[in-house]
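Engineer:
Numbering (the working numbering), first residue to last: 1 to 442.
1. Would you mind reading off the limits of the alpha helix (DSSP H) that contains residue 188?
2. Specify, as a first and last residue, the run of the beta strand (DSSP E) that residue 216 falls within.
3. Short of 7 Å in beta carbon distance, which residues of its chain neighbour residue 241, apart from the five on each side in sequence? Order them along the chain.
4. Let me check understanding here. Comparing Cα to Cα, which of 345, 209, 148 lies closest to residue 183?
5. Taking residue 173 as part of the alpha helix (DSSP H), name the residues at either end of that continuous run.
6. Look at the alpha carbon of residue 113 and the alpha carbon of residue 161, and state the distance between them as a whole number of angstroms.
7. How about residue 29: is its C-beta nearer than 8 Å to some C-beta of chain C?
8. Among all the DSSP beta bridges, which residues are the ones paired with residue 362?
9. With DSSP run on the structure shown, which of helix, strand or coil describes residue 457?
10. Please name the residue in 364, 270, 50, 130 whose C-alpha comes closest to that of residue 152.
11. Report all residues from its chain with a CB closer than 6 Å to the CB of residue 282; omit the five preceding and five following residues, and keep chain order.
12. Relative to the alpha-carbon of residue 10, which residue among 55, 291, 4 has its alpha-carbon at the smallest distance?
13. Check whether the Cβ atoms of residue 116 and residue 85 sit closer than 8 Å, and answer yes or no.
14. Sorted by chain position, which residues of the same chain lie with C-beta nearer than 6 Å to residue 95's C-beta, five sequence neighbours on each side aside?
15. So, with DSSP's three-state summary, where would you put residue 224?
16. Considering Cα atoms alone, identify which of 333, 322, 330 is closest to residue 365.
17. Pick helix, strand or coil for residue 397, following the three-state DSSP scheme.
18. For residue 244, tell me which candidate among 272, 222, 226 has the shortest Cα-Cα distance.
19. Looking at the strands, I want to know which residues DSSP matches up with residue 241.
20. Within its chain, find whatever has a CB closer than 8 Å to the CB of residue 52; leave out the 5 residues flanking it on each side and keep chain order.
21. Exposed or buried, what is residue 285 when buried is set at 16 or more other beta-carbons lying within 10 Å of its beta-carbon?
22. Cα separation between residue 226 and residue 159?
23. Whole angstroms is fine: what's the gap from residue 64's alpha carbon to residue 385's?
24. Taking the alpha-carbon positions, what's the residue 408 to residue 350 distance?
25. When DSSP labels each residue in this structure, what does residue 4 get in the three-state scheme?
26. Relative to the C-alpha of residue 66, which candidate in 98, 108, 104, 6 has its C-alpha closest?
27. How far does the beta strand (DSSP E) with residue 135 in it extend, from its first residue to its last?
28. Fully enclosed by the region 60-121, which beta strand (DSSP E) runs are 3 residues long or longer?
29. Judging by CA-CA distance, which residue of 234, 381, 248, 91 is the nearest neighbour of residue 138?
30. If we count Cβ pairs, one from each stretch, closer than 8 Å, do we get three or more for the region 11-23 versus the region 179-196?
31. Who does residue 33 pair with in a DSSP beta bridge?
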């Protein structure tokens with residue numbers, strides 16, 4: 001039978017909001033978000049349960065009583081916390097756990113475990129779940145389902161995880177560029193979670209690794225789509241690379257604690273060793289995931305990157321200054337989400353006052369003020385993000401009160417930028433990856 005009472009831990013970050021939104025939109029599912037006691041995040045009408053920051057097992061047991069499913073979207077690198085959550089869920093009577101196996105690489109693959117030791121933590125959590133599932137308890141056994149997604153496609157295309165730099169029109173072509181790899185859009189991962197929880201025949205998904213993807217594509221195929229989307233056929237800079245050589249160099253640095261090298265290992269291995277089609281456990285059909293349009297997805301990513309880059313240029317900010325502006329608007333948007341039930345309830349004068357406060361903060365740090373045009377481009381983004389966790393129906397997130405919704409990027413102004421800018425890596429909307437360690441709802 002499907003599940004109905006869902007607890008989720010890790011509601012913020014890169015993936016969490018997309019899973020939250022998908023669960024909220026499912027009529028048969030009732031979601032409660034577990035939050036740290038120190039958290040200031042607001043989730044509107046969605047129920048929350050506060051737990052101590054250090055996640056003591058006793059508190060987790062009490063919090064999880066009455067739920068039939070637990071979805072964990074905190075970083076898989078938080079192994080000790082995930083193990084405690086599993087133990088607490090077992091004692092509390094939770095029937096299904098979806099652990100944080102989402103992400104670039106397959107933690108069930110021996111070669112992956114050898115290349116990427118950080119994946120061993122995910123395997124350890126899953127092994128512990130398998131052991132718990134073998135134990136008898138009152139009310140029936142615990143079960144689990146893992147979703148292996150490959151790279152987050154839309155997120156990875158924006159941030160370079162797929163070895164493409166869209167802004168600079170550069171690509172690291174791995175082993176000739178004809179290796180098929182699987183990657184999944186963030187919204188699709190949310191949909192897959194809901195499909196698992198609402199499956200009528202739970203026996204076909206319980207205690208299983210399920211592999212899903214939005215796209216099964218090669219780098220060369222993706223390059224052709226990107227060239228058309230950017231109007232730059234034949235103008236990309238191609239760096240032909242050997243994945244083995246890249247991994248050898250980066251892995252040596254990774255083992256010495258180099259975080260950037262770890263990201264490169266994940267990026268490369270996630271392309272050359274993530275082909276799910278034909279793999280046992282490939283579950284797109286089983287879960288009823290619809291076919292997605294690669295051209296449409298890539299076009300949206302390209303357009304969003306162009307707008308972000310143009311807006312930053314118009315503001316005349318360098319990378320650090322732009323990041324501060326993004327941070328300030330995010331803080332303001334979170335405050336609005338905590339105080340008002342929906343976007344339409346935000347008074348126009350309150351909204352207008354945000355620009356004054358943001359510019360005051362910028363002035364205090366010696367940063368050029370921004371005008372209405374840049375503000376009206378950025379603020380709806382921040383507000384949509386803040387309200388996405390509050391309401392299952394997001395029609396009202398289309399525009400702030402009495403302000404333009406989708407402003408086009410403002411006309412360019414003379415820029416004082418002194419650094420190259422990556423509109424995603426510098427953005428507070430895209431600054432965490434599940435592989436990089438986001439705990440709970442930070």
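Just so it is clear, CB atoms sit at the ideal spot from N, CA and C, and this is done for glycine as well.
Structural biologist: On the basis of the data shown:
1. Unbroken alpha helix (DSSP H) run through residue 188: 186-198.
2. Residues 215-217.
3. Within the same chain, residue 241 has close Cβ partners 172, 173, 174.
4. Minimum Cα-Cα distance from residue 183 among the listed residues 345, 209, 148 corresponds to 148.
5. Not the alpha helix (DSSP H): residue 173 falls in the beta strand (DSSP E), residues 170-174.
6. One C-alpha to the other measures close to 19 Å.
7. In the structure shown, chain C does not exist; there is a single protein chain.
8. Partner(s): none; residue 362 has no beta bridge.
9. Within the shown structure, residues of the chain are numbered from 1 to 442, placing residue 457 beyond reach of any answer.
10. Comparing Cα positions, the closest option is 270.
11. Counting only Cβ-Cβ distances below 6 Å, and skipping sequence neighbours, we find 211, 276.
12. Closest by C-alpha distance to residue 10, out of 55, 291, 4, is 55.
13. Contact: no.
14. Within the same chain, residue 95 has close Cβ partners 68.
15. In the structure shown, residue 224 sits in a helix (DSSP, three-state: H, G or I).
16. Closest by C-alpha distance to residue 365, out of 333, 322, 330, is 322.
17. Reliability fails at residue 397, whose pLDDT of 35 lies under 50, so the model's placement of it is uncertain and no value is given.
18. That would be 272, whose Cα lies nearest to the Cα of residue 244.
19. 174.
20. Apart from sequence neighbours up to five positions away, the residues of its chain that approach residue 52 with a beta-carbon distance below 8 Å are 36, 37, 59, ordered along the chain.
21. Classified as exposed, residue 285 has fewer than 16 neighbouring CB atoms from the shown chains inside 10 Å of its CB.
22. One C-alpha to the other measures close to 15 Å.
23. Those two C-alpha atoms are separated by around 27 Å.
24. With a pLDDT of only 45 at residue 408, under the threshold of 50, the placement of this residue in the model should not be trusted, and no figure is reported.
25. Residue 4: coil per DSSP, three-state reduction.
26. Minimum Cα distance to residue 66 is reached at 6.
27. No beta strand (DSSP E) holds residue 135; DSSP gives it neither H nor E.
28. 69-72, 96-98, all fully within the region 60-121.
29. Each of 234, 381, 248, 91 was checked against the Cα of residue 138, and the nearest Cα belongs to 91.
30. Yes, they touch.
31. In DSSP, residue 33 forms a bridge with 8, 48.
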